[in-house]
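Position one of the sequence shown corresponds to residue 9 (the working numbering), numbered consecutively onward.
Step one of this worksheet: look at the structure below.
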Amino acid sequence: MLSACKWPLLGDFSKKIGLPVAIIDLESTGGDMYQDRITEIAILRFNKGKISRYEWLVNPQKNIPPFITSLTGISNEMVADAPHFADLVHDLLPLLRGTLLIAHNSRFDYTFLRHEFQRAGIHFASPALCSVQLSRKLYPQYFKHNLDSIIERFGIQTESRHRAMTDVTALADFLEISLKEKGCDEWLKHVHTLTNPHPLPHLFSEQLANEIYKLSDSHGVIVWLDAENRAISLSVHKKAFSEVSALLRRNSYPSEIRNAEKIIFHEALGSLHALQKRVELQKHYQLPASQATQTFFSVEFTHDEKQRLRAHIRNLENGSYNNPPNGLFLHKKKAKQILSEWAQQQQLCPDSLGLLPTTYPAGQPCPKIVAGQCNGSCQHQNGIERQNEIITASGRLLPIADWGNAHALEITETDMLSKRSVTIRCINGVLNLPDGSYYFDSTLPAIVKDIWKRSKHNIRILY
């Protein structure tokens with residue numbers, strides 16, 4: 009334990025924000041956040057007027073390239089007997105969870121930490137502040153804001169550079185100097201803007217806040233529970249902790265969440281997997297379908313008094329269905345146009361289908377009969393049965409919004425760290441769930457469109 013005399017303003021800052029502050033630096037085997045591993049961790053932690061100093065060499069379980077050794081001074085021999093990251097998680101979690109992490113280029117350190125914790129089977133996320141961005145805000149007159157430039161600019165005394173603790177203490181010196189020069193009020197203004205993820209507001213019970221701080225920053229579904237353990241809401245996330253912390257900072261978050269006392273987090277492997285999990289949890293907890301975020305249309309065929317199948321363009325509501333829809337359209341006018349073209353291609357009777365213009369006089373013969381393009385057989389039993397068969401067989405092949413004529417898809421989502429994967433089937437614009445049922449959600453078309461753009465190789469078109 010160190011005294012706070014060297015960095016008193018940082019100690020005061022920690023008290024003002026109501027969170028411990030950890031200045032952190034990592035060394036690694038390289039810059040690939042999925043393939044490379046941590047080799048060294050250094051932390052200066054400020055909490056309640058006390059400063060704690062921690063540093064570890066870490067066995068990365070892979071070779072350290074010579075170039076990295078020349079840069080950091082950390083060799084394979086130095087880490088051969090060091091603990092693996094998984095051996096350190098129980099020491100690290102109490103120091104980092106629920107703590108404001110400050111790092112120079114925090115995206116690097118924060119992402120490496122998240123990935124290492126994930127490999128160890130632990131969800132991790134925390135508020136993070138990038139001191140590069142903070143330096144740019146506090147000292148906009150300077151062009152360079154890397155740590156070497158800052159050390160030279162402020163005359164900070166250091167030992168050998170690129171070892172983790174040396175960088176941490178140099179960064180702490182800079183932060184202390186900037187607090188003295190700029191004042192805590194200006195500091196706080198920029199910290200509130202730049203911190204990402206954000207810290208949680210002091211609105212909830214300590215138990216709920218602790219559970220939120222245990223979230224990962226990955227895909228998943230949160231079940232919000234009341235004091236009686238009853239599910240009151242579900243929320244789907246790409247970056248769970250970041251999105252929840254941002255949501256709770258706004259005054260407009262859903263009212264049901266205000267009554268939450270607990271949460272359960274269900275991790276997912278991607279956006280589509282998260283949506284499927286939400287649907288399954290919605291059924292499990294008997295919660296209503298979510299409100300549609302966008303209107304979609306489909307075609308419903310129903311029998312009239314003559315047993316003819318007639319076409320009706322309907323809003324496709326969020327919820328469960330026994331069968332996949334016939335087509336999926338963004339606009340009702342476009343749906344009617346495509347439906348008319350489809351009927352013409354299939355040589356179907358527009359009168360029987362109910363596709364004649366509303367301006368066509370009621371009771372008049374079908375214009376196709378008048379034009380000599382139809383012998384009227386569609387008005388008799390055999391013709392009706394034949395037309396119904398064509399509608400039933402080909403109606404399911406009406407276009408599907410952005411998917412066009414790709415009606416049945418198998419989409420595979422894979423976690424890049426664990427290599428776990430899941431394959432999900434979508435038919436005619438809806439989820440085909442493992443229990444054989446179908447479910448439409450208005451967010452699904454956008455999710456599939458995004459996957460199509462980013463990783464089309466993960467989509468298999470069945471028909």
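Even for Gly, the Cβ is constructed at its ideal location relative to N, Cα and C.
Given residue i, which residues of its chain have a CB within under 7 Å of its CB, disregarding the five upstream and five downstream residues?
i: TRP460; result: ILE467
i: ALA178; result: LEU155, ILE159, ILE164, THR166
i: LYS188; result: LEU17
i: LYS344; result: ILE321
i: ARG257; result: HIS206, PRO209
Return the Cβ separation of residue i and residue j in integer angstroms, given the expectation that the two are a contact with Cβ distance under 8 Å.
i: PHE309; j: ILE399; result: 6 Å
i: SER402; j: GLN355; result: That pair is no contact at about 11 Å.
i: ILE455; j: LEU283; result: 6 Å
i: ASN55; j: SER78; result: Going by Cβ atoms, the distance from ASN55 to SER78 rounds to 36 Å, so no, they are not a contact pair.
i: PRO332; j: ARG404; result: 7 Å
i: LEU4; j: SER429; result: The structure shown does not extend to residue 4, since the chain is modelled only from 9 through 471, so no value can be given for it.
i: GLU48; j: LEU34; result: 7 Å
i: GLU124; j: ILE46; result: 6 Å
i: ALA180; j: TRP15; result: 5 Å
i: ALA90; j: ASN67; result: 4 Å
i: PHE120; j: MET41; result: 6 Å
i: TRP350; j: LEU406; result: 6 Å
Apart from the five residues just before and just after residue i, which ones in its own chain have a Cβ nearer than 8 Å to its Cβ?
i: PHE242; result: Note that residue 242 is Leu in the sequence shown, not Phe. Same-chain partners within the cutoff: VAL229, ILE230, VAL231, TRP232, ARG286, LEU289, GLN290, TYR293, LEU295, SER298.
i: LYS427; result: none
i: HIS320; result: VAL307, GLU308, PHE309, THR310, GLY362
i: ASN84; result: ASN71, ILE72, THR77
i: GLN69; result: ARG45, HIS92
Put residue i into one of helix, strand or coil per three-state DSSP.
i: GLU397; result: helix
i: SER78; result: helix
i: TRP350; result: helix
i: ASN84; result: helix
i: VAL430; result: strand
i: ILE46; result: strand
i: ALA111; result: strand
i: HIS245; result: strand
i: PHE273; result: strand
i: PHE162; result: helix
i: PHE116; result: helix
i: ARG286; result: helix
i: GLU418; result: strand
i: ARG238; result: coil
i: GLU313; result: coil
i: ASN218; result: helix
i: CYS138; result: strand
i: ILE130; result: coil
i: ILE435; result: strand
i: ILE467; result: strand
i: HIS388; result: coil
i: HIS292; result: helix
i: HIS206; result: coil
i: HIS198; result: helix
i: HIS92; result: strand
i: THR174; result: helix
i: CYS192; result: helix
i: PHE151; result: coil
i: LYS14; result: coil
i: SER213; result: coil
i: ALA343; result: helix
Determine which residues share a DSSP beta bridge with residue i and list them.
i: TYR446; result: TYR329, ASN440
i: GLU308; result: HIS320
i: LYS58; result: ASN55
i: GLU63; result: ALA50
i: ILE455; result: In the DSSP output, where bridge partners are listed per residue, ILE455 has none listed.
i: LEU8; result: With the chain covering 9 to 471 only, the question about residue 8 has no answer from this structure.
i: ILE32; result: ILE51
i: LEU336; result: ILE408
i: GLY228; result: HIS245, GLU275
i: HIS123; result: BP columns for HIS123 are empty, so no partner.
How would you label residue i, buried or exposed, when you count the other beta carbons within 10 angstroms and need 16 or more for buried?
i: ALA330; result: Here residue 330 turns out to be Asn, not Ala, going by the sequence shown. So ASN330 counts as exposed.
i: PRO148; result: exposed
i: CYS13; result: exposed
i: ILE110; result: buried
i: ALA235; result: exposed
i: ALA133; result: buried
i: TYR446; result: buried
i: ALA30; result: buried
i: GLU219; result: buried
i: THR301; result: exposed
i: LEU183; result: buried
i: TYR150; result: exposed
Excluding the 5 residues flanking residue i on each side, which residues of the same chain have their C-beta closer than 6 Å to its C-beta?
i: ASP359; result: CYS374
i: PHE273; result: LEU223, GLY228, ILE230
Should residue i be counted as a contact of the ligand SAM given a C-beta to heavy atom distance under 8 Å?
i: ILE32; result: In terms of ligand content, the structure shown is empty, and the ligand SAM therefore cannot be addressed.
Does any residue of chain D bring its CB to less than 9 Å from the CB of residue i?
i: PRO68; result: The chain labelled as chain D is not found in the depicted structure, where only one protein chain is given.
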